[in-house]
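Here the protein sequences come in this chain order: Z and A.
Take the first sequence: its letter number 195 is residue 195 in the working numbering, and every next letter is one higher.
If you want the working numbering, it's the position in the second sequence, counting the first as 1, plus 1000.
The beta carbon of each residue, even a glycine, is placed where N, CA and C say it ideally should be.
Note that this is a predicted model, so its numbers are computed, not measured.
Note sheet for the following structure.
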Amino acid sequence: MKRYFSRFFIIALICALGLSFGCSSKKADVNEGITQEQSSEEDRLNAEQAEKDKKAEEERLQAEELERQKKLEQQKKEEQSKQEALRKFSDVNIYFGFDSSEISEEARAILEEKAQWLMENKNVKITVEGHCDERGTTQYNLALGERRAESVKTYLVALGVDSSRILTISYGEERPAVNGSGDDAWSKNRRAEFVIESGI
Amino acid sequence: MKFKLILVYIFIFTVNMPFYSFSDEYKNLQFIDVNNPFINKIPIAIPEFIPLEKNEKISEIIETSNDYLGYLLSFTSYFRASDSSLNVDDIVGTKIDFQSWKKNGFEFLITAGLFYDKDTGFLEMELRLFDVLKADLAVGKRYTGKAEDFKKMLKRFASEIMEKMFGNSGLFESKIAFVSDLSGHKEIYSCDFDGANVQKVTDDKTINVSPSWSYDNSYLAYTSYKRNVPEIFIKSLTGKKNYIVSKKRLSITPKWMPGKFSLAAVFSIDGDPDIYIISPNGEILQTAVKGYGIDVSPDFSPNGKKMAFVSSRGGSPQIYIKDFSENTIKRLTFEGNYNTSPSWSPKGDYIAYVGMTKEYGINIYTIKPDGSHIRMLTFSSGDNEEPSWSPDGSLIVFSRKNGRKKSLHLMTRSGEDQRQLVVNMAGNQSEPAWSH
């Protein structure tokens, strides 16, 4: 009986030990399992958050960048349109009829734009050059070129541009835009040109 | 419309007939044929000059001087000079067989005897002009000078002939100022009456235009962009003070007054280009012409009492005459709608000008100051512009644009003998102004 007992005891002990061992080990396992489970969830959440944050940050940055680029683009566009307006101002001539210093309908529209630009660029001072085609005398054309430049000035002043900002000069037939004779060359040479002197 | 057409027709008819006298109908009429340079010219014989002492140098001078005198007289377009196959044995009239010269078709005869002193290098020239028909001496002169000045002596003698026969002198000593872009910039140049001896007057590398000689030829006034705007520069040719006249905007087309140290000039100080009389230092002495539109290109009558000018007051550029004593302005040109560049002849009898028409382009005309006797002098040989009279009134220098090239040309006061002047110059030559 004693043997049984002791055997039983040993077995029990072993069992118990085993059990306790197993239990404890199992318990430990479980515990650990739970902790692990818990932390990986946290991690996941954290990571998710981080991801989210990152994304948000990226988005923000992207948006900022986009904004910056937009602004840059805008600035560029503004600069470009400014340059374009400037170019347009100095590159676009107005043209006259034969022996005439009258401002044509077409020229009026151009001068209105030019006047607008001059109002927006208040520091700018310009010279209006009067030119003629090769027909007629050197002397008469010097006078005619002066009439052309002056009639342009008068028109710009009437549109509100301060007269002190506009100088005029006649080059007569001395500086043709296009060489050669014939209606085409002549009509391109009967012109007023616009030169920006200062304020840009 | 009908009226206008008729007017134009009459104008063209009267003006052009002399130049288109090709049909038989017109052949017998006394029109000037520009293709025949010898028509109505005086036949003058210049036989070989006679050496008063023979040496090598003298025969060389004799040949060149004989040629040069023939060149001078032919240049005037009054003479048909020829050295002829006939010779003279002596220079004095009593030894000349006028009948044989007359038979050979000569109306005048020049004889010359030359003596060259080898030791001093001096040349003596004895020159005589005979009227063959009258068998009489017309001009006799003796000149002494350095041998290399033989051209000067011959010019003087040629001037004596012109003075005696036509009351004209000063051609051979005169100069012509003009504008050339030879250097790439328009500069003022001058040359002798015949286009020889071209010299640069300005070297500003800018735009210089519209030269005008003072009455004594000691100043040249012109318009210059040297200071970036058109201003009037007055340059002394004798080393005296120079002047610059500058009013705001525009100071152009100076023209000296006859016999006075003052000029007409165009300023735009009162709205549009008007003509003022100024002193060389820029003081305005008088407002000569002021009106609506452009007033430009003043040119005085020889006595200074009248001034022709161009004005657009009537809607298109036309020539008007301001009478200073009556204080009136009369329109001179009515034909065509673009008439400019008036140039009063030294005798005052004609005004040369430039007319532009759709039919014939740009040509030179003459008109009497009373508006009569319009005559077209150039015809369809390019754009003909900027006439200026020789001081003796016999010739007109002008610019002609043929293709892209502008050059100086010469013709008689009636449009004959059209020929180029300053032949071998590259670039474009324009705005000739003959000295006084």
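Rounded separation between residue i and residue j - CA only
i	j	result
residue 1174 (chain A)	residue 88 (chain Z)	53 Å
residue 1489 (chain A)	residue 1366 (chain A)	As shown, chain A starts at 1001 and ends at 1436. That puts residue 1489 (chain A) outside it, with no answer to give.
residue 192 (chain Z)	residue 79 (chain Z)	26 Å
residue 92 (chain Z)	residue 194 (chain Z)	8 Å
residue 181 (chain Z)	residue 1133 (chain A)	54 Å
residue 1415 (chain A)	residue 1384 (chain A)	12 Å
residue 1358 (chain A)	residue 1336 (chain A)	9 Å
residue 1118 (chain A)	residue 1167 (chain A)	37 Å
residue 1101 (chain A)	residue 1151 (chain A)	27 Å
residue 1412 (chain A)	residue 83 (chain Z)	59 Å
residue 1183 (chain A)	residue 1219 (chain A)	23 Å
residue 1126 (chain A)	residue 1375 (chain A)	42 Å
residue 1098 (chain A)	residue 1135 (chain A)	6 Å
residue 186 (chain Z)	residue 1181 (chain A)	21 Å
residue 67 (chain Z)	residue 61 (chain Z)	9 Å
residue 1400 (chain A)	residue 1248 (chain A)	33 Å
residue 1106 (chain A)	residue 1188 (chain A)	43 Å
residue 1085 (chain A)	residue 1058 (chain A)	21 Å
residue 955 (chain A)	residue 111 (chain Z)	Nothing can be reported for residue 955 (chain A), as the shown portion of chain A is limited to 1001 through 1436.
residue 200 (chain Z)	residue 76 (chain Z)	17 Å
residue 1063 (chain A)	residue 1273 (chain A)	56 Å
residue 1421 (chain A)	residue 1083 (chain A)	24 Å
Per-residue burial, residue i [other beta carbons within 10 Å of its own, 16 or more giving buried]
i	result
residue 1040 (chain A)	exposed
residue 131 (chain Z)	buried
residue 1292 (chain A)	exposed
residue 1418 (chain A)	buried
residue 1325 (chain A)	exposed
residue 156 (chain Z)	buried
residue 1090 (chain A)	exposed
residue 1045 (chain A)	buried
residue 1261 (chain A)	exposed
residue 1429 (chain A)	buried
residue 160 (chain Z)	exposed
residue 1223 (chain A)	buried
residue 1029 (chain A)	Because the pLDDT of residue 1029 (chain A) is 34, which lies under 50, any placement of that residue in the model is unreliable, and the number read from its coordinates should be weighed accordingly. Residue 1029 (chain A) should be labelled exposed.
residue 1264 (chain A)	buried
residue 120 (chain Z)	exposed
residue 1231 (chain A)	buried
residue 1386 (chain A)	buried
Contact set between residue i and chain A, taken where Cβ atoms lie within less than 8 Å
i	result
residue 136 (chain Z)	1317, 1338, 1340, 1356
residue 108 (chain Z)	Going along chain A, no residue has its Cβ under 8 Å from residue 108 (chain Z), so there is no contact; the nearest lies around 21 Å.
residue 99 (chain Z)	1312, 1316, 1317, 1338
Chain-ordered chain Z contacts of residue i [CB-CB under 8 Å]
i	result
residue 1258 (chain A)	Going along chain Z, no residue has its Cβ under 8 Å from residue 1258 (chain A), so there is no contact; the nearest lies around 19 Å.
residue 1250 (chain A)	142, 143, 146, 170
residue 1273 (chain A)	143, 146, 147
Contacts that residue i makes with chain A (C-beta to C-beta distance below 9 Å)
i	result
residue 191 (chain Z)	Simply none; closest approach about 17 Å.
residue 174 (chain Z)	1186, 1207, 1209, 1225
Close beta carbons around residue i, own chain, < 7 Å, minus the five adjacent residues each side
i	result
residue 173 (chain Z)	132, 133, 134, 138, 141
residue 1213 (chain A)	1177, 1220, 1256, 1433, 1435, 1436
residue 1052 (chain A)	1113, 1114, 1115
residue 1284 (chain A)	1276, 1278
residue 145 (chain Z)	130, 131, 132, 170, 171, 172
residue 1344 (chain A)	1299, 1300, 1301, 1302, 1308, 1351
residue 1373 (chain A)	1367
Own chain partners of residue i with C-beta closer than 8 Å, once the 5 adjacent residues on each side are dropped
i	result
residue 153 (chain Z)	128, 163, 166, 168
residue 1163 (chain A)	1169
residue 1242 (chain A)	1233, 1234, 1235, 1236
residue 198 (chain Z)	123, 124, 125
Proximal residues to residue i (C-beta, below 6 Å), its chain only, five neighbours per side dropped
i	result
residue 1340 (chain A)	1310, 1317, 1354
residue 176 (chain Z)	189
residue 1330 (chain A)	1321
residue 1129 (chain A)	1110, 1138, 1139, 1161
residue 1312 (chain A)	1293, 1294
residue 115 (chain Z)	156, 159, 161
residue 150 (chain Z)	168
Contacts of residue i in chain Z (Cβ-Cβ under 9 Å)
i	result
residue 1289 (chain A)	Here the premise fails: no neighbours, minimum Cβ distance about 12 Å.
residue 1254 (chain A)	Those within 9 Å of residue 1254 (chain A) in chain Z number zero; the least Cβ separation is about 10 Å.
residue 1431 (chain A)	137, 138, 139
7 Å Cβ cutoff, residue i in contact with chain B
i	result
residue 1297 (chain A)	Considering every chain present, this structure includes no chain B. Its protein chains are Z and A.
Within chain Z, the residues that residue i reaches when beta carbons sit closer than 7 Å
i	result
residue 1229 (chain A)	169
residue 945 (chain A)	Residue coverage of chain A in this structure runs from 1001 to 1436, which leaves residue 945 (chain A) outside it and unanswerable.
Closer than 7 Å at the beta carbon, the chain A residues around residue i
i	result
residue 139 (chain Z)	1210, 1252, 1253, 1296, 1297
- Which ranges would you report for the alpha helix (DSSP H) in the region 1029-1097 of chain A if only whole runs of at least 4 residues count? Correct list: 1056-1075.
- Message: Restricting to runs no shorter than 4 residues, where is the alpha helix (DSSP H) found entirely within the region 1312-1359 of chain A?
- Response: Counting only runs of 4 or more, we get nothing.
- Fully enclosed by the region 1173-1241 of chain A, which beta strand (DSSP E) runs are 3 residues long or longer? With a minimum length of 3 residues, the continuous beta strand (DSSP E) runs that stay inside the region 1173-1241 of chain A are 1175-1180, 1187-1192, 1208-1213, 1219-1224, 1231-1236.
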